[in-house]
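1 is the number of the first residue of the sequence shown in the numbering used here; add one for each residue after it. We treat Cβ as the ideally placed atom computed from N, Cα and C, and that holds for glycine. Step one of this worksheet: look at the structure below.
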Amino acid sequence: MTAAAAMPLQASSPRAPRELLDVRDLRIHFPTDDGLVNAVDGLSFQVDRGHTLGIVGESGSGKSVTSLGILGLHEGTNALISGEIWLEGEELVSAMPARIRQLRGSKMAMIFQDPLSSMHPYYTVGDQIIEAYRIHNDVSKTAAIPATRAGKAGDS
Ligand SMILES: Nc1ncnc2c1ncn2[C@@H]1O[C@H](COP(=O)(O)OP(=O)(O)O)[C@@H](O)[C@H]1O
Ligand SMILES: [Mg+2]
């Protein structure tokens, strides 16, 4: 990521899961016929539990490539990924794809940019978040409501 900025930056111990998300020196490069595209080039940031982080940057600065990288959605592409992504003390860049699939939708999720294709227009956003939570957690809708409001992750 060249122009996008993620704040605040702070030093922290390597494996202590104090942060919910700890991205360290993340690099995501794409070999192309025109050369290597350094879409994300040494990005580090942390997000503490219960906090919200906005990443801003001009179009093409690497926001989407970063988000897809955290979710493991470059798997199976020619993306070259290095650095570390720690989610609650678990490192994701080196994790097996099957483990990332378990975490996706339970501990991490992404609402894609185009709301008409990523969200169903007939259901509330809350209902759709609850639906995703219930796919990973065998609970009633009533039980899922407070859990999703509290930002609780599932067990997997
Ligand atoms: N699969 C890919 N192959 C080559 N370049 C890519 C690929 N995906 C994204 N890029 C490039 O990476 C850069 C960052 O893109 P992106 O993360 O979509 O930007 P943003 O979301 O900040 O607008 C852009 O230059 C884009 O063209
Ligand atoms: Mg984008």
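#1: Note the first and the last residue of the continuous alpha helix (DSSP H) segment covering D127.
#2: Please identify the residue among G69, L73, G50 and T77 whose C-alpha is closest to the C-alpha of R24.
#3: Using the beta-carbon of each residue, find all residues closer than 5 Å to any heavy atom of ligand 1 and list them in chain order.
#4: For E58, count neighbouring C-beta atoms within 10 Å of its own C-beta (all shown protein chains included) and say buried if the count is 16 or more, exposed if not.
#5: Alpha carbon to alpha carbon, how far is F112 from A79? Give it in angstroms, no decimals.
#6: To the nearest angstrom, report how far apart I81 and V65 are at their CA atoms.
#7: Under 8 Å: does the beta carbon of Q46 sit that close to some heavy atom of ligand 2?
#8: Between the alpha carbons of E131 and D34, how many angstroms are there, rounded?
#9: Which parts of the stretch 19–47 are runs of the beta strand (DSSP E), unbroken and 3 residues or longer, counting only runs that do not cross its ends?
#10: Taking only runs that begin and end inside the stretch 44–99, name each unbroken alpha helix (DSSP H) of 4 or more residues, in chain order.
#11: Smallest Cα separation from S67: which of T124, L116, R149 and R104?
So, from the listed chains and residues:
#1: V125 to H136
#2: G69
#3: F30, V37, A39, S59, G60, S61, G62, K63, S64 and V65
#4: exposed
#5: 19 Å
#6: 11 Å
#7: no
#8: 42 Å
#9: 19–32
#10: 63–70
#11: R104
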